[in-house]
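Visitor: Have a look at this one.
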Amino acid sequence: MCFVTSSLFETKVKVVWFQNTSFVTSVKIVQVVDSCFLSIFEKTNMMKKLMLFSLMFLSIQIFSQDFNKEDCDRYLKQTGLKYLECVYNFEKTDSKDKIYQLYKWSAFGKTIFTNVEKRKSGYFLISHEVFQPIYNEKTQEFDYPIVVCENRKLTEKEFNDFEDLLNKNKFWEKKTYKLKPICSDGFGIVFQALHNGDYRNYSNGNCAAQNEYLNVLYTEIKKLLKLY
Numbered sequence: 001m002c003f004v005t006s007s008l009f010e011t012k013v014k015v016v017w018f019q020n021t022s023f024v025t026s027v028k029i030v031q032v033v034d035s036c037f038l039s040i041f042e043k044t045n046m047m048k049k050l051m052l053f054s055l056m057f058l059s060i061q062i063f064s065q066d067f068n069k070e071d072c073d074r075y076l077k078q079t080g081l082k083y084l085e086c087v088y089n090f091e092k093t094d095s096k097d098k099i100y101q102l103y104k105w106s107a108f109g110k111t112i113f114t115n116v117e118k119r120k121s122g123y124f125l126i127s128h129e130v131f132q133p134i135y136n137e138k139t140q141e142f143d144y145p146i147v148v149c150e151n152r153k154l155t156e157k158e159f160n161d162f163e164d165l166l167n168k169n170k171f172w173e174k175k176t177y178k179l180k181p182i183c184s185d186g187f188g189i190v191f192q193a194l195h196n197g198d199y200r201n202y203s204n205g206n207c208a209a210q211n212e213y214l215n216v217l218y219t220e221i222k223k224l225l226k227l228y
C-alpha cells in the first residue's frame, strides 16, 4: 500500500497495488480525499490525472509475467473481458478451437480489444473499445466503459487469409517475443494466440517504433480484416 500526494493540488490519493517480480500487475484507487480548498477546476484536472493514472496501470498489468487466478478475476471485473492467458491457464477449452487476441492499448487514445476465433459453430471477429475510466463514488473504484465495435462472422476464406498472414510473418516460429517498455505513458500491442493447444503471448512493450514487428503485423491485420 502506498500514498501518492499531489503537491500541486494538495490532494492525497490512496492506492492499493499488487506487484510481481518486475511489473505492477494491477492498481485500484480506493479512496480520494480532496482538500476543502480545491476549486472545481482543480478538482476536475485532478480527476483527469487520476483517470489517466488508472488507465495506464490497467494497460501495464498486461506486462505481468505471472498472471494468477486473482489477477484474472480482477481483470474480468474491471473490464468485463476475458484475457486469453487467463482462459489458457484457468479454463477448459476445446483443443480444436483457435483463439487470437489482439490488445492494442493507448494511454491517450483508443484502446481496442479484438478476438478472432474459430469455434465449432464457425469463424468470428469480436472487437471492443475500452474508454477512459470513470470514477465511481459509491464503490470508490474506477469503472471502464466498454462498447462493442464489431461482432460478426468471418468467412472461412477470411479466417484462412488471416492465418496465412501470420504464417507469412513467421508468427509461430518466434516462440517468444517481449520488448521492454521504453516509456511509461504511451501505447503498445499484446498479441496472444491459442492454436490447437499451443499458446503464444507476444508484447511490443511501450512506445515501440512504427516499423516494429507487432506494429507492422497489426497494420496488416487491420487492413485484411477491416478492423475498427
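Numbering follows our numbering, in which position 197 of the sequence shown is assigned residue number 197; successive positions increment by one, without gaps. For glycine and all other residues, C-beta sits at the position ideal for the given N, C-alpha and C.
#1: Go ahead and label Asp71 buried or exposed: buried means 16 or more other beta carbons lie within 10 angstroms of its beta carbon, across all protein chains shown.
#2: In angstroms with no decimal places, state the Cα-to-Cα distance between Val87 and Lys138.
#3: Along the chain, where does the beta strand (DSSP E) that runs through Asp143 open and close?
#4: Taking the straight line between their C-alpha atoms, what separation do you get for Phe171 and Asp143?
#5: Identify which residue in Tyr177, Phe67, Lys178, Asn115 has its Cα closest to the Cα of Leu81.
#6: With DSSP run on the structure shown, which of helix, strand or coil describes Glu42?
#7: Please return the same chain residues whose Cβ sits closer than 6 Å to the Cβ of Arg200, not counting the five positions on each side in sequence.
#8: Could you spell out the range, first to last residue, of the alpha helix (DSSP H) harbouring Asn78?
#9: From which residue to which residue does the beta strand (DSSP E) around Tyr88 run?
#10: Does the beta-carbon of Val216 have 16 or more other beta-carbons within 10 angstroms, so that it is buried, or is it exposed?
#11: Note down the Cα distance separating Glu212 from Gly186, rounded to an integer number of angstroms.
#12: Going along the chain, which residues of its own chain have a beta-carbon closer than 8 Å to the beta-carbon of Tyr218, five neighbours each way excluded?
#13: DSSP three-state call for Leu310: helix, strand or coil?
#14: Tell me which same chain residues have a C-beta within less than 6 Å of the C-beta of Tyr228, skipping the five on either side of it?
#15: Pick from Pro133, Phe162, Glu141: whose alpha carbon is nearest that of Lys226?
#16: In terms of DSSP beta bridges, what is Ser106 paired with?
#17: Inspect the beta-carbon positions of Gly205 and Ile182 and report whether they are closer than 8 Å.
#18: What is the rounded straight-line gap between the Cα of Gln240 and the Cα of Leu165?
#19: For the alpha helix (DSSP H) containing Phe162, list its first residue and its last residue.
#20: Could you give the DSSP three-state label for Ile221: helix, strand or coil?
#21: Who does Asn136 pair with in a DSSP beta bridge?
#22: Helix, strand or coil for Asn206? Go by DSSP, reduced to three states.
#23: Let me know the secondary structure DSSP gives Lys12 once reduced to three states.
#24: Suppose the cutoff is 6 Å on Cβ atoms and the five residues either side in sequence are ignored; what does the same chain contact list for Asn89 look like?
Guide: Considering the structure as presented:
#1: Working through the sequence shown from its first residue, we reach residue 71 at position 71. Buried, because 16 or more other Cβ atoms sit within 10 Å of the Cβ of Asp71.
#2: As a first step, residue 87 must be located in the sequence shown, where it is residue number 87. As a first step, residue 138 must be located in the sequence shown, where it is residue number 138. Approximately 31 Å between the Cα atoms of the pair.
#3: Within the sequence shown, numbered from 1, the residue matching residue 143 stands at position 143. Segment 141–143, the beta strand (DSSP E) holding Asp143.
#4: In the sequence shown, residue 171 corresponds to position 171, counting from 1. In the sequence shown, residue 143 corresponds to position 143, counting from 1. Spanning the two alpha carbons is a distance of roughly 34 Å.
#5: The count along the sequence shown starts at 1 and reaches residue 81 at position 81. It is Asn115 whose Cα lies nearest to the Cα of Leu81.
#6: Residue mapping note: residue 42 aligns to position 42 of the sequence shown, counting from 1. Any reading at Glu42 must be qualified, since the residue scores a pLDDT of 47, below 50, and its modelled position is unreliable; the value itself is stated next. Helix, per DSSP.
#7: To locate residue 200, count along the sequence shown from 1; it is residue 200. Once the five neighbours on either side are set aside, the close Cβ partners of Arg200 are Ala193.
#8: Position 78 of the sequence shown, counted from the start, is the residue given in the question as residue 78. The sequence as given places Gln at residue 78; Asn does not occur at that position. Note, Gln78: alpha helix (DSSP H), 69–79.
#9: Taking the sequence shown and counting its residues from 1, one reaches residue 88 at position 88. Counting along the chain, Tyr88 falls outside any beta strand (DSSP E), though it belongs to the alpha helix (DSSP H) covering 84–90.
#10: If you number the sequence shown from 1, residue 216 lands on position 216. Under this definition Val216 is an exposed residue.
#11: The sequence position of residue 212 within the sequence shown is 212, counting from 1. The sequence position of residue 186 within the sequence shown is 186, counting from 1. The alpha-carbon atoms of Glu212 and Gly186 are separated by roughly 15 Å.
#12: Residue numbering aside, residue 218 sits at position 218 when the sequence shown is read from its first letter. Closer than 8 Å at the Cβ level, and outside the excluded window around Tyr218, lie Leu102, Lys104, Ile189, Phe191.
#13: Limits of the chain in this structure are 1 at one end and 228 at the other, which puts residue 310 out of reach.
#14: Translated into the one-based positions of the sequence shown, residue 228 becomes position 228. For Tyr228, where only same-chain residues beyond five positions count, the Cβ hits under 6 Å are Ser127, Cys149, Glu150.
#15: By 1-based counting over the sequence shown, the position of residue 226 is 226. Checking every option, the nearest Cα to that of Lys226 belongs to Phe162.
#16: On the sequence shown, position 106 is the one that residue 106 refers to. DSSP lists Phe187 as partners of Ser106.
#17: Here residue 205 corresponds to residue number 205 of the sequence shown, with the count starting at 1. Here residue 182 corresponds to residue number 182 of the sequence shown, with the count starting at 1. A contact, by the Cβ cut-off of 8 Å.
#18: Nothing can be reported for residue 240, as the shown portion of the chain is limited to 1 through 228.
#19: Looking up residue 162 in the sequence shown gives position 162. Its alpha helix (DSSP H) spans residues 156–168.
#20: Here residue 221 is taken as the residue at index 221 of the sequence shown, counted from 1. Looking at Ile221 - three-state DSSP - the assignment turns out to be helix.
#21: Mapped onto the sequence shown, residue 136 falls at position 136. Answer by DSSP bridge pairing, in chain order: Glu141.
#22: Working through the sequence shown from its first residue, we reach residue 206 at position 206. Here Asn206 sits in coil by DSSP.
#23: For this step, residue 12 is matched to residue 12 along the sequence shown. Its pLDDT being 32, under 50, Lys12 is placed unreliably in this model, and the coordinates cannot settle the point.
#24: As a working mapping, residue 89 is identified with position 89 in the sequence shown. Once the five neighbours on either side are set aside, Asn89 has no close Cβ partner at all.
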